[in-house]
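K.L.:
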């Protein structure tokens with residue numbers, strides 16, 4: 001297929017490009033390089049079946065031009081803000097980067113008659129609950145602007161899918177870790193310890209517990225869903241059944257770095273405004289489709305730490 | 001309280017103003033009069049406790065100025081597109097009028113520290129399902145851009161409520177009917193029959209069945225929720241348990257107009273793209289709070305027809 005990957009120079013997007021090219025697809029990446037990095041896709045730039053455009057999805061005339069020339073069979077829309085803390089300080093960040101990018105992509109898909117869409121959604125749309133989350137869980141009460149921007153995106157995707165007959169696959173990601181990440185708990189802790197190997201300051205009480213997924217498992221899961229799920233509108237939680245505590249991540253990083261650092265907790269049950277201290281996925285739906293992650297949560301975290309340290 | 005009512009010159013907004021003034025509140029209405037009408041509030045314009053501004057919520061600098069001067073205790077945000085068919089033809093309509101108006105109101109509430117919000121939501125956020133809809137129903141799969149715009153609004157309201165401590169009441173409206181309406185099935189049928197008293201053309205097969213609620217019951221229900229529900233984030237379905245078929249509405253209108261018109265159905269199970277042919281509310285939550293509508297669905301429809309005919 002002839003595929004547009006938005007945010008394709010980003011952490012997850014670039015791994016997805018690697019896999020899609022391996023499967024024989026032709027790829028166009030549009031990325032504004034705000035969070036994405038050219039070095040994530042530098043190994044792809046000289047391929048005939050890959051092209052990169054540094055453009056902003058918020059520039060609708062330019063995006064229309066890309067769609068007009070591209071004649072895409074499918075769009076993988078991954079471009080978004082991915083820094084939840086930043087979005088909580090300034091709601092305009094997720095409004096623009098997470099939601100308006102989606103709305104522009106949808107408008108172009110409608111206008112240029114592209115009939116297949118993958119959308120990268122998130123556990124953050126569910127909000128704060130200790131319940132086991134199925135895809136049909138309600139109520140949906142995001143506590144971060146990031147979660148709101150993704151749920152708002154899902155809302156318009158649902159309407160466009162129905163009204164304009166766009167086959168849609170939505171995967172709701174957990175915390176994703178691995179090579180090329182640009183932020184998140186592992187990234188933060190390693191950088192803090194590189195700056196000061198004696199003390200690691202952890203936001204919250206360290207008891208936050210979430211499922212982590214290795215990025216290569218994630219993109220394999222995305223492709224599994226897009227190939228196997230055949231409803232007009234397909235929604236899947238993507239993750240692992242197991243979970244890892246923030247304090248366990250801290251300990252693993254200190255161990256892998258060979259340090260003897262003291263951990264200092266700032267206290268409170270969460271790291272920042274908009275942080276969801278705990279969630280667990282019900283993965284029956286994707287398991288029944290025939291997929292489960294190769295690495296559990298702890299193994300994903302361990303692998304990501306090792307990759308980040310160049311091991 | 002000192003209250004801002006957005007869309008306060010509209011069908012529902014103007015009835016809400018009547019009730020809020022009766023309860024002793026001071027009201028500022030902001031309405032761009034795109035769907036609202038000045039005559040809906042002409043009887044209020046000379047009151048000291050009422051002021052009207054013809055302004056557009058999409059004009060953020062002007063809206064900020066209104067918030068800065070208004071020092072509101074609470075916002076009732078009713079401004080939105082309410083014409084579902086129009087929004088299905090042009091997604092920009094609900095994007096702007098239904099969603100972006102909400103986002104601008106939220107930004108101003110954050111900036112000017114307004115801590116109470118009522119939001120007019122809709123059954124359309126649930127999408128197309130024959131299940132009985134509780135407030136916690138999932139999945140939420142709107143089939144119209146109107147429903148998407150309202151769900152996208154709820155998403156950001158949820159995040160703002162949580163992150164910036166805004167107490168929130170959301171009521172999800174059914175089909176609302178009564179004096180001052182500007183569109184909808186009763187309005188359409190009466191106008192069609194006034195143009196041609198011989199034939200009434202009905203979109204779809206007439207079997208579409210939904211709960212209808214009389215507008216004065218609705219605004220009473222809104223105020224009941226805002227006064228009695230005391231969570232930080234309160235969501236209620238607002239409606240009646242009973243439902244009315246489109247073909248029954250047609251028959252009632254022909255009867256009330258004293259005509260002998262023939263009904264012609266265009267066929268198909270729905271009136272237009274984005275129409276939800278059937279839904280039913282579970283009203284346990286609002287009933288347990290102590291409220292139920294004075295008029296059932298058929299009585300609401302009958303009353304609205306009579307009022308529209310000046311009876």
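Residue numbers (our numbering), protein chains in the order written: chain A, 1 to 311; chain B, 1 to 311.
C-beta: ideal position from N, C-alpha, C; glycine also.
Taking a contact to mean a Cβ-Cβ separation below 7 Å, would you say residue 172(B) touches residue 81(B) in this structure?
P.N.:
Not a contact, by the Cβ cut-off of 7 Å.
K.L.:
Taking all protein chains shown into account, do 16 or more other C-beta atoms lie within 10 angstroms of the C-beta of residue 194(A), making it buried, or fewer, making it exposed?
P.N.:
By the 10 Å Cβ count, residue 194(A) comes out exposed.
K.L.:
Return the first residue and the last residue of the alpha helix (DSSP H) that residue 200(B) is part of.
P.N.:
Run containing residue 200(B): none in the alpha helix (DSSP H); it sits in the beta strand (DSSP E), 199-202.
K.L.:
What are the start and end residues of each continuous beta strand (DSSP E) run of 3 or more residues lying completely inside the segment 30-67 of chain A, in chain order?
P.N.:
With a minimum length of 3 residues, the continuous beta strand (DSSP E) runs that stay inside the segment 30-67 of chain A are 50-53.
K.L.:
According to the neighbour-count rule (16 or more other Cβ atoms, all chains shown, within 10 Å of its Cβ), is residue 254(B) buried or exposed?
P.N.:
By the 10 Å Cβ count, residue 254(B) comes out buried.
K.L.:
Taking only runs that begin and end inside the segment 237-295 of chain A, name each unbroken beta strand (DSSP E) of 3 or more residues, in chain order.
P.N.:
Counting only runs of 3 or more, we get 262-265.
K.L.:
Does the segment 136-148 of chain B touch the segment 174-190 of chain B, meaning 3 or more C-beta pairs lie closer than 8 Å?
P.N.:
Too few Cβ pairs lie closer than 8 Å, so no.
K.L.:
Please tell me whether residue 197(A) has its Cβ less than 7 Å away from any Cβ of chain B.
P.N.:
For residue 197(A), the answer is no, since every Cβ of chain B falls outside 7 Å of its Cβ.
K.L.:
Could you give the distance in angstroms between the alpha-carbon of residue 149(B) and the alpha-carbon of residue 126(B)?
P.N.:
Those two C-alpha atoms are separated by around 12 Å.
K.L.:
Give the interface partners of residue 135(B) over in chain A, defined as CB-CB distance under 9 Å, in chain order.
P.N.:
138, 139, listed in chain order.
K.L.:
Taking any Cβ of chain B, which residues in the segment 200-214 of chain A have a Cβ under 8 Å from it, in chain order?
P.N.:
So nothing in the stretch comes that close.
K.L.:
Does residue 268(A) come within less than 7 Å of chain E when only Cβ atoms are used?
P.N.:
Of the protein chains in the structure, A and B, none is chain E.
K.L.:
By a C-beta neighbour count over all protein chains shown, 10 Å radius and 16 as the cutoff for buried, is residue 40(B) buried or exposed?
P.N.:
Buried is the call here.
K.L.:
Roughly how many angstroms separate the alpha carbons of residue 113(A) and residue 99(A), rounded to a whole number?
P.N.:
Looking at the two C-alpha atoms, the distance is approximately 21 Å.
K.L.:
Taking 6 Å as the line, does the beta carbon of residue 224(B) fall inside it for any heavy atom of the ligand NAP?
P.N.:
This structure simply doesn't include the ligand NAP, nor any ligand for that matter.
K.L.:
So, does the CB of residue 75(A) fall closer than 7 Å to a CB anywhere in chain B?
P.N.:
So no, residue 75(A) is outside the interface.
K.L.:
Using a Cβ cut-off of 9 Å, pull out every chain B residue sitting near residue 156(A), in sequence order please.
P.N.:
Correct list: 91, 94, 95, 99, 142, 145, 148, 149, 151, 152.
K.L.:
Per DSSP, what kind of secondary structure is residue 150(A) in: helix, strand or coil?
P.N.:
It is helical.
K.L.:
What is the DSSP secondary structure of residue 212(A), reduced to helix, strand or coil?
P.N.:
DSSP places residue 212(A) in strand when its eight states are reduced to three.
K.L.:
If you draw a straight line from the C-alpha of residue 304(B) to the C-alpha of residue 77(B), how long is it?
P.N.:
The straight-line gap from Cα to Cα measures roughly 24 Å.
K.L.:
Quick check: the Cα distance between residue 275(B) and residue 308(B), rounded to an integer number of angstroms?
P.N.:
Distance between the alpha carbons of residue 275(B) and residue 308(B): 24 Å.
K.L.:
Report the option in 261(A), 259(A), 241(A) whose CA atom is closest to the CA atom of residue 298(A).
P.N.:
Taking only the C-alpha atoms, the option nearest residue 298(A) is 241(A).
K.L.:
According to the Cβ coordinates, are residue 250(B) and residue 202(B) closer than 7 Å?
P.N.:
Yes. Within cutoff.
K.L.:
When the Cα of residue 167(B) is compared with those of 188(B), 119(B), 292(B), which residue comes out closest?
P.N.:
Checked all of 188(B), 119(B), 292(B); the closest Cα to residue 167(B) is 119(B).
K.L.:
At what residues does the alpha helix (DSSP H) containing residue 232(B) begin and finish?
P.N.:
Per DSSP, residue 232(B) belongs to no alpha helix (DSSP H) and is neither H nor E.
K.L.:
When you compare the CB of residue 273(A) with every CB in chain B, is at least one pair closer than 7 Å?
P.N.:
By this cut-off, residue 273(A) is an interface position.
K.L.:
Straight-line CA distance for residue 245(B) to residue 139(B)?
P.N.:
Cα to Cα, residue 245(B) sits roughly 25 Å from residue 139(B).
K.L.:
Using a Cβ-Cβ cut-off of 6 Å (strictly less than) and excluding sequence neighbours within five positions of residue 160(A), which residues of its own chain qualify?
P.N.:
Here the set comprises 106, 166.
K.L.:
Quick one, which of 295(A), 310(A), 279(A), 294(A) has its alpha-carbon nearest residue 134(A)'s?
P.N.:
The shortest C-alpha separation from residue 134(A) is found at 279(A).
K.L.:
Taking only three categories from DSSP, how would you classify residue 127(A)?
P.N.:
DSSP places residue 127(A) in strand when its eight states are reduced to three.
K.L.:
Using the Cβ count rule (16 or more neighbours within 10 Å means buried), how would you classify residue 199(A)?
P.N.:
Residue 199(A) comes out exposed.
K.L.:
Anything in chain A within Cβ reach of residue 88(B), meaning under 9 Å, just list it in chain order.
P.N.:
Residues of chain A passing the Cβ test: 159, 163.
K.L.:
Taking beta-carbon pairs under 9 Å, can you tell me which members of the segment 227-251 of chain A lie near chain B?
P.N.:
Answer set for the segment 227-251 of chain A: 233, 235.
K.L.:
List the endpoints of the continuous alpha helix (DSSP H) containing residue 191(B).
P.N.:
That run of the alpha helix (DSSP H) goes 185-195.
K.L.:
From the DSSP output, in three-state form, read off residue 136(B) for me.
P.N.:
Coil, per DSSP.
K.L.:
Do three or more CB pairs link the segment 16-29 of chain B to the segment 49-59 of chain B at distances below 8 Å?
P.N.:
As far as the Cβ criterion goes, the segment 16-29 of chain B touches the segment 49-59 of chain B, which means the pair count is three or higher.
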